[in-house]
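Peer 1: Below are the structure tokens for one structure; questions will follow.
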Amino acid sequence: MKIGFVVARVGDERNDIQKLSVILADKLRGLGDSVDVLPFNRKSLLKLPPLLKLRGYNAILISNVGLQCAYYSLLKHLHLLGKPLFAVGFGSDIRDFGNSWINFFNRISVGVVDLLFVVNPDLEALAFKRGYKSVYYVPSWAGELT
Amino acid sequence: MRIFYAARLIPLKDPASIVYAAHYFPNDKFVVAGDGSELERLKSEAGVNVKFLGWVSQKRIIEEMEKADVFCQLCKVENIWSSSLVCALKHGKAIICSDAGLSRRFLESGIHVLFVPVGNHVRLADALEKLHNKKLRGFLGENAKRFYLENLDVDVSARYIKGLMEVAVRAEQK
Numbered sequence: 092m093k094i095g096f097v098v099a100r101v102g103d104e105r106n107d108i109q110k111l112s113v114i115l116a117d118k119l120r121g122l123g124d125s126v127d128v129l130p131f132n133r134k135s136l137l138k139l140p141p142l143l144k145l146r147g148y149n150a151i152l153i154s155n156v157g158l159q160c161a162y163y164s165l166l167k168h169l170h171l172l173g174k175p176l177f178a179v180g181f182g183s184d185i186r187d188f189g190n191s192w193i194n195f196f197n198r199i200s201v202g203v204v205d206l207l208f209v210v211n212p213d214l215e216a217l218a219f220k221r222g223y224k225s226v227y228y229v230p231s232w233a234g235e236l237t
Numbered sequence: 008m009r010i011f012y013a014a015r016l017i018p019l020k021d022p023a024s025i026v027y028a029a030h031y032f033p034n035d036k037f038v039v040a041g042d043g044s045e046l047e048r049l050k051s052e053a054g055v056n057v058k059f060l061g062w063v064s065q066k067r068i069i070e071e072m073e074k075a076d077v078f079c080q081l082c083k084v085e086n087i088w089s090s091s092l093v094c095a096l097k098h099g100k101a102i103i104c105s106d107a108g109l110s111r112r113f114l115e116s117g118i119h120v121l122f123v124p125v126g127n128h129v130r131l132a133d134a135l136e137k138l139h140n141k142k143l144r145g146f147l148g149e150n151a152k153r154f155y156l157e158n159l160d161v162d163v164s165a166r167y168i169k170g171l172m173e174v175a176v177r178a179e180q181k
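Residue numbers (our numbering), protein chains in the order written: chain A, 92 to 237; chain B, 8 to 181.
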């Protein structure tokens, strides 16, 4: 499988999520998948989406249900992304119902994310509550950081 | 005894309990890693046996974890799977864990961790008193490490994710 893995804050030493995402990308490569890490930041919003490049992938995997997930979900809503869209929820991106941005990002993503993986078991029920249909708990691999 | 705590210093993570419990053990060393809104207030309320490191790198977290006799995981809402808790399990530490969220679904009290009520520094102090027993620390630490190896392996997670994605991709292609 050829996977485009969208990760925000790649290289940010203080950000564990991007480190866990890079680890997952490496592990998937080890299992035979071709994985391209597609760095995402706010400047990505000002550029044209890499639609041609995205066509080369079997699926798009998004790390964290944040702005990057909303962005790619929007592309899917607009039928500009005709690939299965998967996402990994790490914590407050699903859990924080008090944050209007998080709620907004999730509202955009809910209808088009085909599979949502959550790395904490309490997130399963919360993700279903948000309206996601396919949610799977996957044990955290945070131990790889240590 | 050397007690380690690592988290954002915000009320949700309950760093106050470790600072207050430390007052009962003037001969033990408490090391607190992390920064946040509670840092300055807790520094002013802490005894001389509490050392605040501020934000530190993952490398330093591991160094402190290796030196520690006990690790405290005290979040008020959910501990599963905090990266610091996973680190403590991986390093076979004796862990005191707040009884929050789904912690008891995965961890057994007296086997993998000692559970304490959320936000209760007195009960935390009781648990710390118990862990002055080196044999008990060793027992908990061994079980913690075994739990990590049996349940939190990244290869299992990666295979699971890959398997589900492949099924979904094939279904889409049909």
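Built from N, CA and C at the ideal position, the CB exists for glycine as well.
1. Quick one: list the residues of chain E neighbouring A/V210, beta-carbon separation under 9 Å, in chain order.
2. What is the C-beta distance between A/I94 and A/F181, in whole angstroms, given that I count them as a contact (C-beta under 8 Å)?
3. Please list, in chain order, the chain B residues whose beta carbon lies closer than 8 Å to that of A/V229.
4. Do A/F96 and A/D127 have their beta-carbon atoms positioned less than 8 Å apart in this structure?
5. Look up A/Y227 in the DSSP assignment and say whether it is helix, strand or coil.
6. Name the residue from B/F113, B/A95 and B/V84 whose alpha carbon lies nearest to the alpha carbon of B/P124.
7. Which of the three DSSP states is assigned to B/L109 in this structure?
8. Taking its Cβ as the centre, do 16 or more other Cβ atoms sit within 10 Å of A/D124, making it buried, or is it exposed?
9. Spell out whether any CB of chain A is found under 8 Å from the CB atom of B/A175.
10. Mind the definition here: the segment 187 to 199 of chain A touches the segment 154 to 167 of chain A only if three or more C-beta pairs lie below 8 Å; say whether that holds.
11. Sorted by chain position, which residues of the same chain lie with C-beta nearer than 6 Å to A/S231's C-beta, five sequence neighbours on each side aside?
12. Could you tell me which chain A residues have their CB closer than 8 Å to the CB of B/N56, listed as they occur along the chain?
13. For B/G99 and B/A14, which I take to be in contact (beta-carbon distance under 8 Å), what is that distance rounded to the nearest angstrom?
14. Quick check on the DSSP output: the beta strand (DSSP E) that includes B/Y12 runs from which residue to which?
15. Under 8 Å between the Cβ atoms of B/I103 and B/L135?
Peer 2: Inspection of the coordinates gives the following:
1. Although the question refers to chain E, the structure presented lacks it and instead comprises the protein chains A and B.
2. For the purposes of this step, residue 94 of chain A is taken as the residue at position 3 of the first sequence. For the purposes of this step, residue 181 of chain A is taken as the residue at position 90 of the first sequence. Actually they are not in contact, since the Cβ atoms of A/I94 and A/F181 sit about 18 Å apart, beyond 8 Å.
3. Here residue 229 of chain A refers to the residue found at position 138 of the first sequence. Neighbours of A/V229 on chain B, chain order: S164, Y167 and I168.
4. As a working note, residue 127 of chain A is residue 36 in the first sequence. As a working note, residue 96 of chain A is residue 5 in the first sequence. In this structure, A/F96 lies closer than 8 Å to A/D127 by Cβ.
5. For the purposes of this step, residue 227 of chain A is taken as residue 136 along the first sequence, with counting starting at 1. Note: A/Y227 maps to strand in three-state DSSP.
6. Locating residue 124 of chain B in the second sequence gives position 117, counting from the first residue. Closest by alpha carbon: B/V84.
7. Reading the second sequence from its first residue, position 102 is the one you call residue 109 of chain B. Coil at B/L109, not helix or strand.
8. As a position in the first sequence, residue 124 of chain A is number 33, starting the count at 1. Buried, because 16 or more other Cβ atoms sit within 10 Å of the Cβ of A/D124.
9. Along the second sequence, read from residue 1 onward, the residue named residue 175 of chain B stands at position 168. Yes, B/A175 counts as interfacial toward chain A.
10. yes
11. Position 140 of the first sequence, counted from the start, is the residue given in the question as residue 231 of chain A. Closer than 6 Å at Cβ, skipping near neighbours: V210.
12. Counted from its first residue, the second sequence places residue 56 of chain B at position 49. Here the premise fails: no neighbours, minimum Cβ distance about 26 Å.
13. The residue labelled residue 99 of chain B in the question sits at position 92 within the second sequence. The residue labelled residue 14 of chain B in the question sits at position 7 within the second sequence. Wrong, their Cβ atoms sit about 20 Å apart, outside the cutoff.
14. Here residue 12 of chain B refers to the residue found at position 5 when the second sequence is read from its first residue. Where B/Y12 is concerned, the enclosing beta strand (DSSP E) stretches over R9 to A13.
15. Residue mapping note: residue 103 of chain B aligns to position 96 of the second sequence, counting from 1. Residue mapping note: residue 135 of chain B aligns to position 128 of the second sequence, counting from 1. In contact: B/I103 and B/L135 (Cβ atoms closer than 8 Å).
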